[in-house]
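In this text, residue positions in the sequence shown follow numbering that gives the first Met the number 0: the first is 0, and each later residue adds one.
Here a beta-carbon is modelled for each residue, glycine too, at the ideal position from N, C-alpha and C.
Predicted, not measured: the structure shown is a model, and the values here were computed from it.
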Amino acid sequence: MNLRETMLAEQQLKALFEQAKGYAFEYAEAIADRAVFPTPQAIADLEQFVEAMPGHPGDASSILQQLHDYGSPASVAQTGGRYFGFVNGGIIPVTLATKWLTDFWDQNTALQLMSPITSKLEEVCQRWLQQLLGLPDTTVAGFVSGTSSAIFCGLAAARLRIYGNHGWDFNQQGHNGAPPIRIIAGRHTHGAVIKAIALLGFGLDNIEWVEGDDQGRIDQNQMPELDATCIVILQAGNVNSGAFDPFDQICDNANAAGAWVHIDGAFGLWAGGTERLKHLTQGMEKAHSWSLDGHKTLNTPYDSGILLCRDKEALVTALQASGAYLTSNYGEQRDGMMYTPEMSRRARAIELWAALKYLGKSGVDELVYGLHQRAVQFADELKQANFTVHNDVVFNQVIVSPSDNDGTTMAVLEQIQSSGECWVGSSVWQGNKVIRISVCSWMTSPEDISRSVRAFIHARELICGK
Ligand SMILES: *Cc1c(COP(=O)(O)O)cnc(C)c1O
């Protein structure tokens with residue numbers, strides 16, 4: 000058989016897909032009990048993959064088998080209930096099943112003409128997000144790979160609009176000789192924001208930093224005077240403490256001055272979609288653009304960044320470098336590429352649609368508030384065990400240490416990580432090493448929290464004695 004005939008047989012016989020399904024279910028069944036981080040042996044075994052590029056087509060079934068035998072054990076058990084590293088997220092079953100189904104479609108989502116179904120579901124997601132978060136009805140959405148990309152798009156729209164307000168056509172004239180733009184950001188702003196500022200050519204030295212309070216939120220009394228050359232970047236959810244910048248007053252001042260406000264809320268903006276936590280995001284609807292991730296708090300599969308922007312013209316002109324959207328070449332329907340830097344993209348909005356359709360408003364509330372409740376439980380149980388909790392647990396983040404000695408904190412952290420019982424990361428808070436806990440998965444149960452706290456206590460005993 001030639002290559003085409005072989006692939007045709009593989010497609011028609013379906014055994015390959017049954018094999019993958021079998022492995023996937025085996026993986027999912029083992030997830031609750033295996034070590035959260037791969038064992039040293041599993042990592043050493045990755046040498047299996049180091050080989051010369053094959054000269055000829057291989058056997059599809061053994062490729063899958065190799066991946067399952069050596070790849071699965073070297074994955075991080077992030078979809079179980081005891082992964083609290085970084086600010087990642089779990090995966091809602093219906094979104095995973097949706098991904099399987101739509102992987103068979105393999106849609107390109109650049110144009111409505113390429114995928115009417117994806118175009119329609121992007122449109123639905125855009126409207127639902129606008130309604131859920133209470134944003135202006137002019138808000139449009141771009142579905143990108145993650146928040147890093149979403150921030151980049153939001154700030155590109157801001158740049159185009161602010162320059163335009165000063166009679167400067169950025170797409171044509173660029174940075175050379177342009178009037179100055181002021182960038183205002185909080186001292187604790189996320190690294191992805193800083194990267195976008197550099198990539199867009201604003202220059203990190205030109206950032207006017209605003210100091211934070213003891214929770215890391217912008218202290219609004221320290222905000223500089225704003226004017227019509229300002230782009231203000233605020234954050235919903237400090238990556239350590241989970242704290243939210245005070246949006247209300249800052250947005251009012253920015254709007255009065257003719258400035259642009261971007262809110263980065265990769266995980267925190269979802270608080271604005273809940274009944275019980277939306278006080279945290281008060282006033283956020285007065286900003287101009289927002290970035291967030293489906294793949295964090297909402298627990299969709301990865302590759303689900305969202306840029307929301309109330310100024311469609313600025314966004315589309317910035318990303319397309321043309322006004323062609325005014326009379327789309329392909330009709331009245333939504334062409335997804337107008338709102339993203341890319342043309343070809345996978346149909347990532349379908350999984351987001353499935354999550355929103357499945358959860359509904361009360362489900363979003365239950366999911367997001369549940370993460371908060373588990374974080375509060377984690378903090379309470381750690382305090383009872385004499386760990387020091389350093390933040391007000393307003394959302395899903397807890398920062399904690401067993402001692403004020405950095406060396407001890409790191410030793411206890413490494414002990415927790417190597418126990419396999421749970422996985423937490425490290426950070427620096429007010430000059431000291433801390434353990435950072437992020438509760439991000441719907442899977443996490445109260446028992447997962449208690450079991451993890453026991454791992455903390457046991458690790459401290461091993462390092463410090465009883
Ligand atoms: C995770 C995160 C980002 C980056 O998002 P990606 O999806 O990883 O690109 C940006 N800002 C904040 C506040 C985040 O938590």
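For the 8 angstroms CB-CB criterion, residue 235 and residue 217 do not form a contact. Residue 130 and residue 294 have their alpha carbons spaced roughly 20 angstroms apart. Collapsing the DSSP output to three states places residue 375 in a helix. Of 127, 151, 14 and 385, the smallest CA-CA separation from residue 318 is found for 151. In this structure, residue 346 places its C-beta atom within 8 angstroms of the C-beta atom of residue 101. Taking the C-beta atoms as reference points, residue 127 is found nearer than 8 angstroms to residue 355. In this chain, residue 203 is not harboured by any alpha helix (DSSP H), its DSSP state being neither H nor E. It is roughly 10 angstroms from the alpha-carbon of residue 168 to the alpha-carbon of residue 174. Cβ contact annotation for residue 125 (same chain, cutoff 7 angstroms, sequence separation greater than five): 139 and 140, in chain order. The beta carbon of residue 286 sits closer than 6 angstroms to those of 250, 260 and 262, all from its chain and outside the five residues before and after it, given in chain order. Counting the other Cβ atoms within 10 Å of the Cβ of residue 77 gives 16 or more, which makes it buried. The residues 199, 317 and 318, in chain order, have a CB closer than 7 angstroms to that of residue 155 in the same chain once the five nearest residues on each side in sequence are set aside. Its Cα nearest to that of residue 291, the residue 233 stands out among 335, 2, 393 and 233.
Annotation for residue 370: 395 and 438 place their beta carbon closer than 6 angstroms to its own, counting only its chain and skipping 5 residues before and after.
In terms of side-chain proximity, the C-beta atom of residue 138 is found no nearer than 7 angstroms to any non-hydrogen atom of ligand 1. Just so you know, the alpha carbons of residue 442 and residue 280 end up roughly 25 angstroms apart.
In the DSSP assignment, the residues bridged to residue 292 are 304.
Ligand 1 never approaches residue 34 closely enough for any of its heavy atoms to be under 7 angstroms from the residue's Cβ. The beta carbon of residue 225 is closer than 6 angstroms to those of 252, 253, 256 and 258 in its chain, skipping five residues each way along the sequence. Fewer than three pairs of CB atoms, one per stretch, sit closer than 8 angstroms, so the stretch 335-345 makes no contact with the stretch 408-427. Rounded to whole angstroms, the gap between the alpha carbons of residue 160 and residue 459 is 54 angstroms. Residue burial is scored here from C-beta neighbours: residue 84 has at least 16 other C-beta atoms within 10 angstroms and is therefore classed as buried.
For residue 432, the pairing in a beta bridge is given by DSSP as 427. By the Cβ neighbour-count rule, residue 185 is buried, with 16 or more other Cβ atoms within 10 Å of its own.
In this structure, residue 373 keeps its C-beta atom at 8 angstroms or more from the C-beta atom of residue 420. Annotation for residue 450: no beta strand (DSSP E) segment contains it, though the alpha helix (DSSP H) segment containing it runs 445-463. Residue 55 and residue 165 have their C-alpha atoms some 60 angstroms from each other.
The closest CA to that of residue 447, considering only 17, 28 and 376, is found on 376.
Annotated three-state conformation of residue 266 is coil, per DSSP. Taken in chain order, the whole alpha helix (DSSP H) runs of length 4 or more contained in the stretch 102-170 are 115-132 and 146-164. Among the bridge pairs identified by DSSP, residue 85 is matched with none.
Taken from the Cβ of residue 440, every heavy atom of ligand 1 lies 7 angstroms or farther away.
Chain-ordered, the residues whose CB falls short of 6 angstroms from any heavy atom of ligand 1 come out as 86, 145, 146, 147, 189, 191, 234, 236, 238, 263, 265, 266, 292 and 304.
For residue 188, same chain residues with a beta-carbon under 7 angstroms away, outside a window of 5 residues either side, are 232 and 234 in chain order. If you look at residue 343, you'll find it isn't in any beta strand (DSSP E); DSSP assigns it neither H nor E.
Counting along the chain, residue 60 sits inside the alpha helix (DSSP H) bounded by residues 59-65.
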